[in-house]
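Chemist: Here it is: the structure, laid out below.
6 protein chains.
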Amino acid sequence: MSNTYENAAGLYPLLYETIIRRALEEDLGRAGDITTDNVVPAATRARALIVARKSGRIAGLEVSLSAFHMLDADLDIRVEQGDGNDADAGRVLAVVEGAARPILSAERTALNMLGRLCGIATVTADAVAKVNSETTRVICTRKTTPGLRVLEKYAVRMGGGTNHRFGLDDGVLLKDNHIVAAGGIGPALARIRERLGHMVKVEVEVDTLDQLDELLSIGADAVLLDNMDADMLQLAVKQVDGRLVTEASGGITPDNIEEIAATGVDLISLGWLTHSAKSLDVALDLELL
Amino acid sequence: MSNTYENAAGLYPLLYETIIRRALEEDLGRAGDITTDNVVPAATRARALIVARKSGRIAGLEVSLSAFHMLDADLDIRVEQGDGNDADAGRVLAVVEGAARPILSAERTALNMLGRLCGIATVTADAVAKVNSETTRVICTRKTTPGLRVLEKYAVRMGGGTNHRFGLDDGVLLKDNHIVAAGGIGPALARIRERLGHMVKVEVEVDTLDQLDELLSIGADAVLLDNMDADMLQLAVKQVDGRLVTEASGGITPDNIEEIAATGVDLISLGWLTHSAKSLDVALDLELL
Amino acid sequence: MSNTYENAAGLYPLLYETIIRRALEEDLGRAGDITTDNVVPAATRARALIVARKSGRIAGLEVSLSAFHMLDADLDIRVEQGDGNDADAGRVLAVVEGAARPILSAERTALNMLGRLCGIATVTADAVAKVNSETTRVICTRKTTPGLRVLEKYAVRMGGGTNHRFGLDDGVLLKDNHIVAAGGIGPALARIRERLGHMVKVEVEVDTLDQLDELLSIGADAVLLDNMDADMLQLAVKQVDGRLVTEASGGITPDNIEEIAATGVDLISLGWLTHSAKSLDVALDLELL
Amino acid sequence: MSNTYENAAGLYPLLYETIIRRALEEDLGRAGDITTDNVVPAATRARALIVARKSGRIAGLEVSLSAFHMLDADLDIRVEQGDGNDADAGRVLAVVEGAARPILSAERTALNMLGRLCGIATVTADAVAKVNSETTRVICTRKTTPGLRVLEKYAVRMGGGTNHRFGLDDGVLLKDNHIVAAGGIGPALARIRERLGHMVKVEVEVDTLDQLDELLSIGADAVLLDNMDADMLQLAVKQVDGRLVTEASGGITPDNIEEIAATGVDLISLGWLTHSAKSLDVALDLELL
Amino acid sequence: MSNTYENAAGLYPLLYETIIRRALEEDLGRAGDITTDNVVPAATRARALIVARKSGRIAGLEVSLSAFHMLDADLDIRVEQGDGNDADAGRVLAVVEGAARPILSAERTALNMLGRLCGIATVTADAVAKVNSETTRVICTRKTTPGLRVLEKYAVRMGGGTNHRFGLDDGVLLKDNHIVAAGGIGPALARIRERLGHMVKVEVEVDTLDQLDELLSIGADAVLLDNMDADMLQLAVKQVDGRLVTEASGGITPDNIEEIAATGVDLISLGWLTHSAKSLDVALDLELL
Amino acid sequence: MSNTYENAAGLYPLLYETIIRRALEEDLGRAGDITTDNVVPAATRARALIVARKSGRIAGLEVSLSAFHMLDADLDIRVEQGDGNDADAGRVLAVVEGAARPILSAERTALNMLGRLCGIATVTADAVAKVNSETTRVICTRKTTPGLRVLEKYAVRMGGGTNHRFGLDDGVLLKDNHIVAAGGIGPALARIRERLGHMVKVEVEVDTLDQLDELLSIGADAVLLDNMDADMLQLAVKQVDGRLVTEASGGITPDNIEEIAATGVDLISLGWLTHSAKSLDVALDLELL
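Residue numbers (the numbering used here), protein chains in the order written: chain X, 58 to 346; chain H, 58 to 346; chain E, 58 to 346; chain A, 58 to 346; chain C, 58 to 346; chain U, 58 to 346.
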């Protein structure tokens with residue numbers, strides 16, 4: 058948990074505050090919160106509990122709470138159960154206290170973000186629990202919500218998962234079309250080695266064991282074993298024999314992940330963690346003071 | 058369908074192009090698509106089919122395809138099956154033809170957006186089909202993905218649903234805390250009427266039939282019947298007797314929506330349409346030319 | 058006045074701080090305030106009084122004063138006479154105290170904004186006083202200064218006026234061209250009802266009493282009685298008999314507003330409030346300390 | 058007129074397109090033009106005439122028309138009477154033809170901008186006509202609408218006026234407070250000369266003929282004769298005798314400008330040109346095709 | 058030195074904070090500082106000394122240090138040797154103390170900026186020392202790094218140099234092509250005088266003594282003597298005889314600047330100050346606490 | 058050269074157009090190019106040759122030329138000698154033809170960018186030529202100009218160099234402070250392996266051969282041999298014996314790079330390539346048509 062906290066602290070607000078600001082602007086529109094502004098007296102104070110209605114893994118709490126501070130820097134905010142922890146249904150995650158208006162106006166923005174990030178962390182944590190292995194990791198993909206990648210990748214980490222590439226620029230993943238266009242795995246890898254720096258890792262996608270053989274004869278950092286069933290994955294892992302990092306990818310869901318994990322691959326990637334996670338049910342319980 | 062097409066045309070690129078641009082920037086990072094740039098020759102041309110892998114309702118096709126044009130204005134793009142239509146699994150939705158590099162570099166951004174919007178349209182269309190009513194509408198909420206509200210609300214429309222408020226500024230929704238802070242429904246509504254213009258509608262949330270009685274004696278545009286079961290909803294609808302628009306809200310899912318629809322409420326709102334829809338499985342099949 | 062203050066407080070800085078920042082950037086340019094920076098010693102302190110040179114209604118004081126804080130967060134700022142209040146000529150509205158340089162550098166930006174918003178509030182208050190009615194309201198239009206709508210609509214409220222639509226997206230106003238394109242009031246309203254949500258109000262513009270008859274037979278939320286003289290307006294109000302909210306619009310000025318008000322319309326709209334209000338004469342009196 | 062046209066051409070869209078874009082975004086909000094999108098068929102075409110309802114000087118026509126092109130690049134736009142020309146009431150300034158929807162959706166944004174800039178150009182042209190001098194110029198100030206300075210200064214030029222400083226950074230204007238803080242005109246000017254480059258002009262504000270004497274003994278580029286009446290201005294001009302550019306400033310309006318011009322000052326500055334000009338009445342007449 | 062400090066204070070953060078923010082975003086990318094975040098405990102504290110490794114003139118220290126505060130507002134920052142001062146090799150310029158992570162993460166951004174600005178100030182100071190004159194000034198040009206002009210011009214001032222134009226809009230510089238296009242110096246200057254305001258200075262470039270003669274007969278504020286050798290410059294200065302400010306420009310380097318200065322020109326401009334200055338070697342020495 | 062061209066093509070305008078736009082805005086300021094706008098007739102046409110005044114390696118030509126197209130999309134632009142090629146002094150790199158005004162107004166922005174990027178490419182090409190090795194590469198660092206990293210890294214590639222990390226987020230570089238804070242190389246690397254994904258490479262800085270021994274016993278992807286002289290580097294390379302990629306770093310200049318290359322290190326990194334390269338002298342020769 059202290060490790061987790063350190064990760065969280067590493068997410069400088071500079072990396073996400075524009076996302077939160079835009080979300081607030083999107084909800085406040087031009088005229089602001091016309092319900093609250095017109096019926097809640099400016100002097101009314103309140104205490105709000107941010108609560109998990111369902112059990113799950115917490116992620117993005119400080120990120121989401123920053124929405125309150127953007128409307129009112131004087132709000133008093135206290136984290137009760139921080140990122141990377143599990144929360145039972147009913148658990149209070151944070152307490153926000155101060156003027157009632159900004160609390161009501163930022164509520165939906167904060168909860169939309171928190172529910173989404175906790176949702177991702179929770180399915181990730183479930184997948185990690187099912188894999189239950191020291192050597193096989195659960196990893197995410199680039200199938201993230203447009204505009205939210207930094208936060209969704211962070212949520213995967215809070216769920217105990219590991220991140221794959223953050224974008225097209227921080228690692229090479231040679232897929233079938235790249236290989237065909239380059240005239241084969243060999244020429245493709247040769248061009249990569251000639252042109253790219255020493256800090257760039259190279260992974261190659263293969264669909265068959267023959268392609269895998271070819272790749273092993275040339276060498277790379279990792280291999281993406283695309284859409285293989287458990288039997289074929291097992292053969293592939295054996296064939297690789299530790300010479301490459303192995304990644305199983307394609308069609309993996311919570312239903313078949315245990316079977317995949319049993320093949321001994323190093324990495325199991327699921328787009329599902331980010332593109333199909335349901336939001337965790339989180340709520341704000343308000344007490345007027 | 059022609060109606061739908063007209064709606065789609067109404068979504069001026071000005072309303073969404075910044076979202077697509079940021080999504081591309083997020084994926085290209087600083088160095089761009091280092092895999093494609095280094096192994097695919099600049100002169101290689103390709104034809105890409107945007108395909109629905111699973112059946113569903115199409116939404117956001119032009120929006121998503123704009124990612125290709127942002128990288129290369131010379132790409133030739135042809136829509137085969139546009140927004141608001143249903144597509145069977147395997148249906149080609151659009152064809153993109155031209156330089157291979159920008160097609161490969163924009164692929165993930167376009168598919169991430171398309172999958173998400175089609176996912177929302179598809180669950181909405183399913184809900185509308187289950188409700189199967191001339192008089193009861195399926196509506197969305199403000200529980201949308203931060204930064205994507207305009208597009209997710211649009212996807213709901215493409216699914217045959219109707220939009221609730223777009224934000225805190227374009228309609229009044231008095232919830233319990235507002236009412237308590239204002240000293241009751243009466244004072245709250247009085248303040249709203251005194252201060253807000255004639256173009257603003259007012260909806261009030263009630264939890265009990267007693268509150269509903271009170272509201273009916275005062276008057277408003279609509280009532281949100283919060284977390285009531287089907288029996289209570291039926292009583293409420295009868296009690297209202299057409300004097301207010303009635304909205305059932307809270308805990309409604311595809312599993313119980315038919316039962317809710319049978320109560321005769323005017324509107325059924327589901328946060329679930331936007332916060333828990335899985336992405337539709339869409340893909341890009343590339344043929345190098 | 059306490060009511061007014063609450064409205065003011067509802068204008069979160071998030072809604073306007075970008076406007077103020079751009080105005081400062083526009084005035085400071087690349088090199089900043091080269092006069093002040095080069096002749097006023099950095100240690101010089103000053104007290105500035107923000108003063109109304111002419112009498113008027115105050116609006117946008119906190120908004121305008123934020124320009125000083127953007128240059129120097131350490132300035133001490135005290136509001137003496139806040140938004141929504143009337144000020145006599147010579148009245149001190151606020152006191153700014155601290156380093157002389159930022160006070161001098163932000164002066165023009167703050168006064169330009171304050172003068173404009175007070176100007177709008179003042180003409181609005183004058184119009185409201187002339188109407189002098191419990192039942193007829195003075196409302197603004199979308200004829201606002203590009204980029205300043207949120208603030209100019211706010212100034213109208215501070216003047217005692219009420220806001221019409223904030224934009225094209227938060228209410229329907231069917232004008233003659235819309236009606237012709239749709240094939241009549243009936244088809245136009247049918248399409249609106251079919252497609253738009255329950256939180257959107259619908260107003261229809263009519264030029265004649267026959268059109269008004271047609272509209273009354275179909276129904277809407279409000280009617281804009283376009284460019285009618287007082288006699289015709291009176292007939293129209295009688296004809297409507299409370300079934301629609303009535304808005305008189307077109308060619309209304311301070312000179313004829315009393316006559317219009319006497320017709321008993323619910324709303325009188327004036328583009329003039331925002332597009333032709335003169336700035337209120339406000340100034341900054343500086344004392345070097 | 059050809060000269061004027063050249064000035065207009067010099068206003069690269071890069072200098073103003075962000076202003077127009079924000080104005081459109083402000084009017085379209087999140088959901089866009091819900092009236093037009095829902096009742097005007099996508100295929101409907103129209104011809105719109107941009108017309109001056111009142112006579113005046115044209116300014117900002119191309120700037121304003123760019124709003125139409127931002128929504129639909131395929132619209133055909135033809136300028137009939139360009140910037141810097143006078144238009145009689147009823148004069149068609151431009152014709153916009155193409156899809157009806159974007160024309161209707163951009164109408165208000167374009168007219169708001171056009172009316173404001175023509176309004177400024179018109180009052181400027183009136184002032185210039187009243188001055189009616191080869192040697193005395195009408196100039197503007199920094200009392201412009203926040204965010205629109207570049208366009209309002211341009212409108213002044215189209216009205217035949219000349220621009221004073223564009224901001225705090227492109228010229229020195231020593232006012233009383235600067236002089237006091239620096240310990241006198243002499244020390245202030247010495248510091249300016251020591252620190253600023255050779256491309257910066259220096260103007261000094263004086264309130265009395267004694268101060269003017271002092272300034273003449275030290276030297277500068279120009280003198281601002283602050284709030285002097287016509288008699289005193291005449292004495293000042295005589296005293297200066299061509300050694301400095303003379304600017305009359307403070308309290309000058311269309312009512313007294315002729316009297317001021319008769320004093321022989323080189324420049325007459327009016328904040329009034331930009332902070333109190335009424336919008337020119339411009340309209341869009343639409344014919345559905 | 059106190060004078061210099063005042064200049065520095067005049068550089069409001071509003072003028073540069075966006076530049077620093079973008080530089081941090083550029084270095085942190087999407088995932089942030091993955092090295093520091095993962096190996097340095099969040100609780101680790103440190104003291105960092107910002108040190109000049111080589112001797113030079115300090116410029117941009119506060120500007121650069123703002124990078125630390127953007128990541129962590131709680132860092133304690135103390136300037137030891139501020140802008141406009143000389144520092145010997147080894148001199149501590151500032152001390153930053155607090156959490157170790159943000160210090161490590163902002164280090165490179167701060168040093169990149171500081172090294173560049175000190176580099177410019179240092180070469181400027183060297184040039185000024187070589188010129189060693191009361192009457193001849195060293196000035197910069199518009200040959201600055203794209204996006205950094207405000208800071209590089211500031212660095213020139215800290216080096217004891219003076220600024221030429223900040224951009225194309227704050228002064229007129231007529232070059233050969235302008236003159237040819239206008240049909241000669243006379244027509245060009247006539248157009249400028251007719252159209253531009255009294256706060257704009259006008260400089261004209263001449264290549265020959267004949268052109269200089271022509272210019273002297275017409276008059277302007279300054280003359281740019283383009284690419285003339287020392288002998289010709291001396292003749293030109295004599296010919297001008299104080300009637301214009303004289304600027305020597307073109308091909309001037311530290312090697313020949315003394316010779317140029319001896320000609321008695323008023324200004325010597327060097328693009329070299331900004332486009333070819335090496336960064337000063339500055340470093341951050343960290344002590345973990 | 059065709060390879061090089063392909064790299065250039067990979068730099069999508071999306072990655073740099075904001076940089077160019079800001080540079081133009083910085084030069085045009087509020088009022089635009091007042092010299093050109095006022096003396097060059099709008100109808101004047103011109104042909105401009107972009108010329109290398111000194112010999113060097115070309116980089117950023119298309120990037121820089123985009124400045125012209127941002128002011129006038131109708132300009133005809135033809136590249137004569139593209140990125141990655143060498144140009145002799147006097148070589149025409151591109152021809153721009155069309156309206157004279159935008160050519161003159163964008164000239165400085167384009168040349169400032171081009172000169173800087175060619176300068177970096179040229180010093181890189183010189184370093185590569187001196188190293189003259191199949192196995193030892195010249196690489197850049199993160200010591201780039203704030204805001205220009207993407208372009209400066211690109212220029213290094215055009216010079217034949219290779220890129221190191223693009224930022225703090227796309228590779229791990231453990232420096233002394235990280236190691237101390239983590240409690241040694243072992244614990245630091247353990248934490249990195251546990252937390253970071255398989256696409257992240259890890260390089261460790263060592264100052265001594267003892268540290269190198271320790272690192273070799275633990276393992277990593279690369280080692281940065283910090284500030285070692287040639288003799289020590291040779292020992293280090295021998296000690297590593299191909300088990301890690303070796304990078305020599307610190308104090309390397311064109312003067313000693315050959316000696317360093319002779320040690321057999323895999324990589325030689327020079328901050329000097331980006332922080333101390335002089336701009337290449339490039340110019341625009343204009344012919345009025």
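The beta carbon of each residue, even a glycine, is placed where N, CA and C say it ideally should be.
Using a C-beta cutoff of 7 Å, does Arg-79(C) count as contacting chain X?
Modeler: The sequence position of residue 79(C) within the fifth sequence is 22, counting from 1. No, because no Cβ of chain X sits closer than 7 Å to the Cβ of Arg-79(C).
Chemist: Go ahead and label Ala-186(A) buried or exposed: buried means 16 or more other beta carbons lie within 10 angstroms of its beta carbon, across all protein chains shown.
Modeler: One-based indexing of the fourth sequence puts residue 186(A) at position 129. With fewer than 16 other Cβ atoms within 10 Å, it is exposed.
Chemist: Output the boundary residues of the alpha helix (DSSP H) element that contains Ile-115(X).
Modeler: The sequence position of residue 115(X) within the first sequence is 58, counting from 1. First-last for Ile-115(X): undefined, no H or E at that position.
Chemist: I'd like the span of the alpha helix (DSSP H) that includes Ala-103(E), first residue to last.
Modeler: Stepping through the third sequence from its first residue, residue 103(E) is reached at position 46. From DSSP, Ala-103(E) is part of no alpha helix (DSSP H) but of the beta strand (DSSP E) over 102-109.
Chemist: Taking 7 Å as the threshold (C-beta atoms), are Glu-154(E) and Arg-104(E) in contact?
Modeler: Here residue 104(E) refers to the residue found at position 47 of the third sequence. Here residue 154(E) refers to the residue found at position 97 of the third sequence. Yes. Within cutoff.
Chemist: I want to verify the contact list: residues of chain H whose CB lies under 9 Å from the CB of Arg-87(A), in sequence order.
Modeler: Reading the fourth sequence from its first residue, position 30 is the one you call residue 87(A). Residues of chain H passing the Cβ test: Leu-72, Arg-206, Val-207, Lys-210, Phe-223, Gly-224, Asp-227.
Chemist: Please say whether Ala-124(A) and Ala-167(A) have beta carbons closer to each other than 7 Å?
Modeler: Position 110 of the fourth sequence holds residue 167(A). Position 67 of the fourth sequence holds residue 124(A). Taking 7 Å as the Cβ cut-off, Ala-167(A) and Ala-124(A) qualify as a contacting pair.
Chemist: Look at the alpha carbon of Ile-317(H) and the alpha carbon of Leu-208(H), and state the distance between them as a whole number of angstroms.
Modeler: Stepping through the second sequence from its first residue, residue 317(H) is reached at position 260. Stepping through the second sequence from its first residue, residue 208(H) is reached at position 151. Approximately 27 Å between the Cα atoms of the pair.
Chemist: Do we get a CB-CB distance below 7 Å when we pair Val-96(H) with the residues of chain X?
Modeler: As a working note, residue 96(H) is residue 39 in the second sequence. For Val-96(H), the answer is yes, since a Cβ of chain X falls inside 7 Å of its Cβ.
Chemist: Residues of chain A with CB under 9 Å from Leu-68(H), in chain order?
Modeler: For this step, residue 68(H) is matched to residue 11 along the second sequence. By Cβ distance, chain A contributes Gly-89, Asp-94.
Chemist: Give the interface partners of Arg-114(A) over in chain E, defined as CB-CB distance under 7 Å, in chain order.
Modeler: Working through the fourth sequence from its first residue, we reach residue 114(A) at position 57. What Arg-114(A) touches in chain E: nothing, since even the nearest Cβ is about 17 Å away.
Chemist: Run through the region 162-238 of chain U for me and flag every whole alpha helix (DSSP H) of 4 or more residues, listed as ranges in chain order.
Modeler: Runs found: 206-215.
Chemist: Check this for me: beta carbons of Val-297(C) and Gly-172(C), under 7 Å apart or not?
Modeler: Here the question's residue 297(C) lines up with position 240 in the fifth sequence. Here the question's residue 172(C) lines up with position 115 in the fifth sequence. No, these two residues do not count as a Cβ contact at 7 Å.
Chemist: Using a cut-off of 8 Å between C-beta atoms, extract the partners of Met-170(H) located in chain X.
Modeler: Position 113 of the second sequence, counted from the start, is the residue given in the question as residue 170(H). What Met-170(H) touches in chain X: Pro-203.
Chemist: Alpha carbon to alpha carbon, how far is Asp-145(X) from Leu-161(X)? Give it in angstroms, no decimals.
Modeler: For the purposes of this step, residue 161(X) is taken as residue 104 along the first sequence, with counting starting at 1. For the purposes of this step, residue 145(X) is taken as residue 88 along the first sequence, with counting starting at 1. Cα-Cα distance, rounded: 25 Å.
Chemist: How many whole angstroms separate the CB atoms of Leu-85(E) and Asp-226(A), which I take to be in contact at a CB cut-off of 8 Å?
Modeler: Taking the first residue of the third sequence as 1, we reach residue 85(E) at position 28. Taking the first residue of the fourth sequence as 1, we reach residue 226(A) at position 169. Indeed they touch by this definition, with Cβ atoms about 6 Å apart.
Chemist: What three-state label does DSSP hand Thr-310(C) in the structure shown?
Modeler: Position 253 of the fifth sequence, counted from the start, is the residue given in the question as residue 310(C). Coil, per DSSP.
Chemist: Tell me which same chain residues have a C-beta within less than 6 Å of the C-beta of Glu-63(C), skipping the five on either side of it?
Modeler: Residue 63(C) sits at position 6 when you count from the first residue of the fifth sequence. Unreliable positioning characterises Glu-63(C) in this predicted model, as indicated by a pLDDT of 44, which lies under 50. A coordinate reading is not provided.
Chemist: Should the region 247-264 of chain E be regarded as contacting the region 282-295 of chain H, the criterion being three or more beta carbon pairs within less than 8 Å?
Modeler: Too few Cβ pairs lie closer than 8 Å, so no.
Chemist: With DSSP as the reference, label Ala-144(U) as helix, strand or coil.
Modeler: Working through the sixth sequence from its first residue, we reach residue 144(U) at position 87. Strand.
Chemist: In chain order, what residues of the same chain lie with their CB nearer than 6 Å to the CB of Gln-291(A), ignoring the 5 residues before and after it?
Modeler: Counting from 1 along the fourth sequence, the entry for residue 291(A) is found at position 234. Excluding residues within five positions, the ones whose Cβ falls inside 6 Å are Thr-320.
Chemist: Mind checking which residues open and close the alpha helix (DSSP H) that includes Ala-267(H)?
Modeler: For the purposes of this step, residue 267(H) is taken as the residue at position 210 of the second sequence. Rather than Ala, the amino acid found at residue 267(H) in this sequence is Asp. Per DSSP, Asp-267(H) belongs to the alpha helix (DSSP H) from 266-275.
Chemist: Report, in whole angstroms, the separation of the C-beta atoms of Arg-250(E) and Ala-239(E), which I expect to be a contact under 8 Å.
Modeler: Here residue 250(E) is taken as the residue at index 193 of the third sequence, counted from 1. Here residue 239(E) is taken as the residue at index 182 of the third sequence, counted from 1. Not quite, the Cβ-Cβ distance comes to about 12 Å (not below 8 Å), so this is no contact.
Chemist: Do Lys-295(H) and Asp-278(H) have their CB atoms nearer than 7 Å?
Modeler: Counting from one through the second sequence, the residue named residue 295(H) turns up at place 238. Counting from one through the second sequence, the residue named residue 278(H) turns up at place 221. No, the pair does not count as a contact, with Cβ atoms beyond the cut-off.
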